[in-house]
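Undergrad:
There are 2 protein chains.
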Amino acid sequence: MNLKMKRILSGVILVLLAGIISGQESKPQIVEDFKPSPTNQPGREYPMVNSEGRVRAQIPAPDANYVQLDIGGVKYDLVKDENGLWTGESAPQDVGFHYYQLNIDGASVPDPGSLLFFGACRWGSGVEVPAPDQDIFELKDVPHGHVHEILFPSKSTNMSRRAFVYTPPGYQQETSKRYPVLYLQHGYCENETSWPSQGRANLIMDNLIAEGKAKPFIIVMTYGMTNDIKFGELRKFDIEPFQTVLVDELIPYIDSNFRTLANQENRAMAGLSMGGMETRQITLNRPGVFSHYGLFSGGVYSPEDLKEHDGLKLVFISCGSKERPGGVKNAVAGLQNEGYNAVSYISEGTAHEFHTWRRSLYQFAQLLFK
Amino acid sequence: MNLKMKRILSGVILVLLAGIISGQESKPQIVEDFKPSPTNQPGREYPMVNSEGRVRAQIPAPDANYVQLDIGGVKYDLVKDENGLWTGESAPQDVGFHYYQLNIDGASVPDPGSLLFFGACRWGSGVEVPAPDQDIFELKDVPHGHVHEILFPSKSTNMSRRAFVYTPPGYQQETSKRYPVLYLQHGYCENETSWPSQGRANLIMDNLIAEGKAKPFIIVMTYGMTNDIKFGELRKFDIEPFQTVLVDELIPYIDSNFRTLANQENRAMAGLSMGGMETRQITLNRPGVFSHYGLFSGGVYSPEDLKEHDGLKLVFISCGSKERPGGVKNAVAGLQNEGYNAVSYISEGTAHEFHTWRRSLYQFAQLLFK
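In order, the protein sequences belong to chains A and B.
Numbering-wise, the working numbering puts 317 at position 151 of the first sequence, and it's gapless, one number per residue.
Numbering-wise, the working numbering puts 264 at position 98 of the second sequence, and it's gapless, one number per residue.
1. Any C-beta of chain B within less than 7 angstroms: which residues of the stretch 322 to 333 of chain A qualify?
2. Short of 6 angstroms in beta carbon distance, which residues of its chain neighbour residue 460/B, apart from the five on each side in sequence? Order them along the chain.
3. Could you check how far apart the C-beta atoms of residue 347/B and residue 293/B are, in whole angstroms? I think they sit under 8 angstroms.
4. At the 8 angstroms Cβ level, is residue 341/A part of the contact set with chain B, yes or no?
5. Any residues in the stretch 227 to 257 of chain B with a beta carbon nearer than 9 angstroms to a beta carbon of chain A? Which ones, in chain order?
6. Quick check on DSSP: helix, strand or coil for residue 523/A?
7. Does the stretch 286 to 305 of chain B come into contact with the stretch 405 to 424 of chain B, if we say contact requires no fewer than three beta-carbon pairs (one atom in each stretch) closer than 8 angstroms?
8. What are the residues of the stretch 206 to 227 of chain B that lie near chain A, defined by any Cβ-Cβ distance shorter than 9 angstroms?
9. For the stretch 436 to 464 of chain B, which residues have a beta carbon sitting closer than 9 angstroms to at least one beta carbon of chain A?
10. Roughly how many whole angstroms lie between the Cα atoms of residue 261/A and residue 275/A?
11. Give the C-beta separation of residue 268/A and residue 223/A to the nearest angstrom, bearing in mind that I take them to be a contact with Cβ-Cβ under 8 angstroms.
12. Anything in chain A within Cβ reach of residue 414/B, meaning under 7 angstroms, just list it in chain order.
13. Determine contact between the stretch 378 to 394 of chain B and the stretch 454 to 468 of chain B, defined as no fewer than three beta-carbon pairs at a distance below 8 angstroms.
14. If the cut is a Cβ gap below 7 angstroms, which residues of chain A does residue 272/B touch?
15. Can you tell me whether DSSP reads residue 152/B as helix, strand or coil?
16. Looking at C-beta atoms only, is the number of pairs between the stretch 447 to 455 of chain B and the stretch 465 to 476 of chain B that lie closer than 8 angstroms three or more?
17. If we define contact as Cβ-Cβ less than 8 angstroms, is residue 427/A a contact residue for chain B?
18. Determine whether the Cβ of residue 490/B lies closer than 8 angstroms to any Cβ atom of chain A.
19. What does residue 241/B pair with, by DSSP beta-bridge criteria?
20. Taking only the alpha-carbon atoms, compute the straight-line gap between residue 289/A and residue 306/A and give it to the nearest angstrom.
21. Please list, in chain order, the residues of the stretch 271 to 295 of chain A that have any C-beta partner in chain B closer than 7 angstroms.
22. Taking the continuous alpha helix (DSSP H) assigned at residue 367/A, which residues delimit it?
23. So residue 319/A contacts chain B; which residues on that side make the cut at Cβ distance below 8 angstroms?
24. Closest by CA to residue 438/B, which one among 371/B, 423/B, 522/B?
25. Looking only at its chain, what residues have a beta carbon closer than 7 angstroms to the beta carbon of residue 123/B, apart from the 5 residues adjacent to it on each side?
26. For residue 257/B and residue 220/B, which I take to be in contact (beta-carbon distance under 8 angstroms), what is that distance rounded to the nearest angstrom?
27. DSSP on residue 201/B, reduced to helix/strand/coil?
28. Among 270/B, 312/B, 237/B, 244/B, which residue has its Cα nearest to the Cα of residue 285/B?
29. Suppose only complete runs of 3+ residues qualify. What are the beta strand (DSSP E) ranges in the stretch 321 to 351 of chain A, listed by chain order?
30. Measure the alpha-carbon distance for residue 339/B versus residue 279/B and round it to whole angstroms.
31. May I have the straight-line CA-CA distance separating residue 441/A from residue 390/A, to the nearest angstrom?
32. Counting contacts by CB-CB distance shorter than 8 angstroms, is residue 518/A in contact with chain B?
33. What does DSSP give as the partner residue(s) for residue 246/A in the beta ladder?
34. Going by DSSP in three states, residue 319/A sits in which element: helix, strand or coil?
35. Say whether chain A places a C-beta atom closer than 8 angstroms to the C-beta of residue 189/B.
36. From the DSSP output, in three-state form, read off residue 411/B for me.
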């Protein structure tokens, strides 16, 4: 045992002793200011969240042997009362949106109290921990764009594929105006609903446009996992099938079915996590298609990567402060040194989760098509 | 005990004796041709459905005391194998879509194998029993309309309210063409997602339009439970708050944000169950607004009801053959006798469930705006 470890161990023992001497239980003091999560099903009180970011779940399961709240990779035991109602809390969670499940006697199931969100390759529960900046994606009394669910033909995959298309306020009325387009990708084991649902992309845009902070543009969100990918093998991922769907099928469909400005200058691509990797690969393979690139927690570009990128106007690279902000900042500094218009953004106090990416979209959108 | 009951009892005893003599178990012979339901989550095998319409559920719950499949008002026990996997079947169900849940040791939860649908006042599981006519709502290689998720301002309820708006194929490109509109309501404890999701309204329309069987029109689907209603007290339901939202707020919003033919002749209203009752009440209260009325398993009109309805072009009344088809047929015959253009439709072999209403929309849509 080295000196550093000894010091840590002494500290732990001191804390434990202090707890025993003062007569405190090992259970933490929980602040009793829980409120229902805004992601609950209509009329449902649980799950609730307190000001510490603890999530409290509750479910009636009178004949269960155990019930657990499974969130952030940890299973927290719930406690049964005399009516068969199980209740319990997680440790404090980061601000923003988190996927979770309940575990009832070994069955991993959605919480019937929560709305359902697609993540972790399944429709499951989600909970929202209040954030100081949640105002950026709240539903406000401002003009709202539409989110179109569309089915577009894809010859390469021999099927109709689904996408969601955000058209900004005014799109339906001003029928001669044309708009730039952002192609925005979800992450590994998410799908085309993730950005308009937990990502709140439409509300972020409605609010930015109402405040005059972003130019109105169209956002196209489709499913990016066109072949089987194992999480550990993302770097071996063959981008070709999705690149064909996106560049050769979806973009022409959007350009002929929506009033777009159909050129490189007015076309952006961004994505989160695996969607950032897809953005990076597709923009490198097809340098003339997009002019604004955004990687949210999904890799970086080097100056060498972008040498032949005529018409490139912006590179935006972001991540959470609990990820690897140093790597993002260094990459962007390197690009700036070589004269690229590169911007970094670090989401304070968040990790590899959707709040990082909502904030990234909020920042990125203000820089687009200007 | 009267003679009839004695006869029934003798029959039951004979059947039981026959079973014992022939050595059969009481468990029914199950046809082993189960296939995954098309409403399953991506990549999930269960629930499955066989050619009898039995639903087979399966879930791992190694430490559970019991697991049940809760469908059609009956709870069916699942059986545990040596790996902690619970499996079991329901009795045969009617063709079409059914809501269901799992019960794990007294906890009523969604099945993680199923996609989620809003019904019974909650997001829960759904399963699809193959129907001979499922072709009418299948996703085909035809031009597809869009389903717009919109948020419209409502002064009377002091909030932004959500609606889904189906625009037919061609709407986005032919920017000078205007279209008729159908306002289409969900049932009790469903919501504005029910018609575009389990109702498959957009696919029914895409297919009808591709075959030239229906005129292209817009469909608007919004939430109809603007005040608290108890199921037993539906007839005491105060229609005023929803009528204000629909007629005074949503219709003007749609007419100024979509390219509609904004007059009575080109405006229809229909609904299922409680939505049929809403349709009936609103059309009776506001006779000049709509020209085509549709009640799907949701009441009837008498000739007296419609006396002052200038501009009325069509009354369509439907239900399942397992509901009260006689009442529907009589009401329509009564209207026809008085010279109204009234049409009845009975969905063969279905009850008060969504397959009845998909078929009703399929029939009704072919008669609209012609």
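Just so it is clear, CB atoms sit at the ideal spot from N, CA and C, and this is done for glycine as well.
TA: So, from the data block:
1. 326
2. 436, 482, 530
3. Actually they are not in contact, since the Cβ atoms of residue 347/B and residue 293/B sit about 32 angstroms apart, beyond 8 angstroms.
4. yes
5. 227, 228, 229, 230, 231, 232, 233, 250, 252
6. helix
7. no
8. 207, 208, 209, 210, 225, 226, 227
9. none
10. 24 angstroms
11. 7 angstroms
12. Chain A residues near residue 414/B: none, gap ~18 angstroms exceeds 7 angstroms.
13. no
14. 226, 227, 228, 229, 230, 250
15. Here chain B comprises residues numbered 167 to 536, so residue 152/B is not present and cannot be evaluated.
16. yes
17. no
18. no
19. 236/B
20. 27 angstroms
21. 271, 272, 273, 274, 275, 276, 278, 281, 282, 288, 289
22. 367 to 376
23. 307
24. 522/B
25. In the structure displayed, chain B extends from 167 to 536; residue 123/B sits before or after that span and is not available.
26. 7 angstroms
27. strand
28. 237/B
29. 325 to 333, 347 to 351
30. 39 angstroms
31. 7 angstroms
32. no
33. 252/A
34. strand
35. Low confidence applies to residue 189/B: its pLDDT is 48, below 50, so where it sits in the model is not reliable, and the reading given next is rough at best. Chain A, which has no Cβ nearer than 8 angstroms to the Cβ of residue 189/B, makes this no.
36. helix
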